[in-house]
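Worksheet for the structure shown next.
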Amino acid sequence: MNIFRQIVLFVGILLMGCALQAQNVEFIADWHPGDVFKYNVSKIVQKDNAIDTLNYTMLMTVVDSTEEKYHIKMVYDGLYNNPILDTLLDGKLSFKDYEILQTVYYSTNNVGEVIEIENADTLIKSIFKYTDALMSATGDDAADKVMSTLKSLYNKEYLLSSVYKEISLIHSVLGYSYPLNKPIKAKVKVENTLTGGFFDAKTFVAIEEFDPERQFCRIRVNTEYDSKQLGKAVVDLLKSFGMDKKELKQSRFRLSKVDEEVYEYLAYPGILLHADFSRGTMLTSSTEAPSGKIERYIITLNQP
Numbered sequence: 000m001n002i003f004r005q006i007v008l009f010v011g012i013l014l015m016g017c018a019l020q021a022q023n024v025e026f027i028a029d030w031h032p033g034d035v036f037k038y039n040v041s042k043i044v045q046k047d048n049a050i051d052t053l054n055y056t057m058l059m060t061v062v063d064s065t066e067e068k069y070h071i072k073m074v075y076d077g078l079y080n081n082p083i084l085d086t087l088l089d090g091k092l093s094f095k096d097y098e099i100l101q102t103v104y105y106s107t108n109n110v111g112e113v114i115e116i117e118n119a120d121t122l123i124k125s126i127f128k129y130t131d132a133l134m135s136a137t138g139d140d141a142a143d144k145v146m147s148t149l150k151s152l153y154n155k156e157y158l159l160s161s162v163y164k165e166i167s168l169i170h171s172v173l174g175y176s177y178p179l180n181k182p183i184k185a186k187v188k189v190e191n192t193l194t195g196g197f198f199d200a201k202t203f204v205a206i207e208e209f210d211p212e213r214q215f216c217r218i219r220v221n222t223e224y225d226s227k228q229l230g231k232a233v234v235d236l237l238k239s240f241g242m243d244k245k246e247l248k249q250s251r252f253r254l255s256k257v258d259e260e261v262y263e264y265l266a267y268p269g270i271l272l273h274a275d276f277s278r279g280t281m282l283t284s285s286t287e288a289p290s291g292k293i294e295r296y297i298i299t300l301n302q303p
């Protein structure tokens, strides 16, 4: 169950005994076959003092719809643009390989909430072909061992949460309803895609602006994860890489993670105009210097 679904259940419980229910804003998709939305994306990764920026586009096409579902094709352009990797992989992958990697077919329910990636198996095979070619080009045996372990993480959920995260962001609040003048604070469970199970987290959701005539809405979401549980997940993952258990125990890893998200939507018919997602992490241990990372996605509808 994702964060937004848990928040909706939490709000429902709070309002059950109220004689007067607060006005809610509903985010409902109303799309039609042939609808096309083009998004410009900037992915910015800051690790310690280094900053990398990748700019690319996404073309979202509504392929088909029924009373229960929308079927959508998302085509990335430029997602794998990396001059260094392109040099390493020169001749090892074809244009068709990259085309497969950057074309995602998925379905949503009738209000726009993502159900699943439909060509997940094909995508995973292509990702493995890409990483195998990269490992072969670098000739790094240690990295190859790590990559073989990481492959076990790949499933439909991991593709949405990590590999093609932009899709999750575009659909993030669709299908849900939030009180207009009542910010929400809730404790939620977030799926642990690294080692299984769930993380505890605290989340805050507030509608900052709503224009009922235009159906324009700006919504803010902040989520803070349980650092002890995150640290244990890091240790468990490193154990799977074959690292010494005694050394890991002495390191006393702790990982803090905070998500800050701002979305601008046309609540009806469920069109994302702008998203700014930022995830800050800080890894500390008793044996190493702290290591910080900020991963940010800025997604903007390219309006005609």
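For the sequence shown, the residue numbers in numbering that gives the first Met the number 0 are 0 to 303. The C-beta atom is built at its ideal place from N, Cα and C for all residues, glycine as well.
Length of the line joining the Cα atoms of residue i and residue j
| i | j | result |
| --- | --- | --- |
| LEU265 | GLN101 | 27 Å |
| GLU67 | ASN108 | 6 Å |
| ASP51 | SER41 | 10 Å |
| ARG217 | LYS181 | 14 Å |
| LEU271 | THR286 | 44 Å |
| GLU208 | ALA185 | 21 Å |
| ASP225 | PHE198 | 7 Å |
| HIS307 | LYS124 | This structure cannot settle anything about residue 307, because the visible part of the chain is limited to 0 through 303. |
| PRO33 | VAL234 | According to the sequence displayed, residue 33 carries Gly and not Pro. In a straight line, the C-alpha of GLY33 is about 47 Å away from that of VAL234. |
| LYS150 | SER135 | 16 Å |
| SER171 | LYS164 | 10 Å |
| LEU236 | ARG213 | 47 Å |
| GLU25 | ARG295 | 26 Å |
| TYR267 | GLY196 | 35 Å |
| ALA288 | ASP258 | 23 Å |
| ASN39 | GLN45 | 20 Å |
| THR130 | LEU179 | 46 Å |
| THR299 | HIS70 | 22 Å |
| SER277 | ALA49 | 16 Å |
Within 8 Å, strictly: CB atoms of residue i and residue j
| i | j | result |
| --- | --- | --- |
| ASN23 | TYR177 | yes |
| GLU112 | SER106 | no |
| PHE252 | SER290 | no |
| ILE297 | ASP275 | yes |
| PHE203 | ILE183 | yes |
| ALA279 | LEU254 | For the record, residue 279 in the displayed sequence is Gly; it is not Ala. The answer is no: Cβ separation not under 8 Å. |
| VAL103 | LEU133 | no |
| TYR55 | ASP76 | yes |
| ASN301 | LYS37 | yes |
| ILE169 | LEU159 | no |
| ALA205 | ARG219 | yes |
| VAL110 | ILE43 | no |
| GLU156 | GLU117 | no |
| GLU223 | LYS188 | no |
| ASP96 | LYS72 | no |
| HIS31 | VAL62 | no |
Identified DSSP bridge partners for residue i
| i | result |
| --- | --- |
| GLN45 | ILE50 and ILE293 |
| MET57 | TYR38 and TYR75 |
| ASP131 | ASP131 is not bridged to any residue. |
| SER161 | Note: SER161 sits in no beta bridge, so no partner. |
| HIS70 | ASP63 and SER106 |
| TYR224 | ALA200 |
| TYR175 | According to DSSP, TYR175 bridges with nothing at all. |
| TYR97 | Paired residue(s): none; TYR97 is not in a bridge. |
| THR280 | LYS256 and LYS292 |
| LYS186 | LYS201 |
| ARG217 | GLU208 and GLU263 |
| THR299 | ASN39 and HIS273 |
| ASN23 | PRO178 |
| GLU115 | SER106 |
Residue environment, residue i, which counts as buried when at least 16 other CB atoms sit within 10 Å
| i | result |
| --- | --- |
| GLU260 | buried |
| GLY174 | buried |
| VAL35 | exposed |
| THR65 | exposed |
| ASP47 | exposed |
| LYS256 | buried |
| GLN20 | Note that GLN20 has pLDDT 48, beneath the 50 cutoff, so the model's placement of it is unreliable and the number below is only indicative. Flag for GLN20 reads exposed. |
| ALA119 | buried |
| GLY269 | buried |
Proximity test, residue i beta-carbon vs the ligand PLP heavy atom, cut-off 7 Å
| i | result |
| --- | --- |
| VAL204 | Ligands are entirely absent from the displayed structure, and the ligand PLP is therefore not among its contents. |
Among the options, nearest to residue i - alpha-carbon criterion
| i | options | result |
| --- | --- | --- |
| VAL162 | GLU263, LEU78 and GLU25 | LEU78 |
| GLU304 | MET73, ASP210, THR222 and SER239 | One cannot answer for residue 304 here, as it falls past the ends of the chain, which runs 0 to 303. |
| LYS238 | LEU282, LYS227 and LEU193 | LEU193 |
| VAL324 | VAL62, LEU58 and ASP63 | The structure shown does not extend to residue 324, since the chain is modelled only from 0 to 303, so the question has no answer here. |
| LEU282 | LYS227, TYR267 and ASP258 | LYS227 |
Any chain C beta carbon closer than 8 Å to residue i
| i | result |
| --- | --- |
| SER161 | Absence of chain C from the displayed structure is noted, only one protein chain being present. |
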